[in-house]
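Have a look at the structure below before the remarks.
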Amino acid sequence: MKIKLRHGFEDIICIDNLLEAWKEFIRGKRNKSDVQEFSLKLMDNLF
Numbered sequence: 001m002k003i004k005l006r007h008g009f010e011d012i013i014c015i016d017n018l019l020e021a022w023k024e025f026i027r028g029k030r031n032k033s034d035v036q037e038f039s040l041k042l043m044d045n046l047f
């Protein structure tokens with residue numbers, strides 16, 4: 001039996017979803033140096 005996924009790979013990796021996931025991830029972590037460093041080059045890191 002095949003399982004049909006509701007969301008395709010393109011839906012998961014779209015920039016809007018990645019940015020929303022980043023916003024959720026950084027809650028309570030904004031002052032950590034590694035998070036700040038990643039944030040400075042966020043778009044480069046995502047692409």
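Okay, so the sequence shown: first residue is 1 according to UniProt numbering, each after it adds one. Just so it is clear, CB atoms sit at the ideal spot from N, CA and C, and this is done for glycine as well.
Going by C-alpha positions, L5 is about 15 Å away from I13.
L19: member of the alpha helix (DSSP H) spanning I15 to I26, first to last residue. Inter-residue distance for E24 and D16 is about 13 Å (C-alpha atoms, whole angstroms).
Here L46 really is in contact with L18; their C-beta atoms are around 5 Å apart, less than 8 Å.
DSSP, read as helix, strand or coil, puts M43 in helix.
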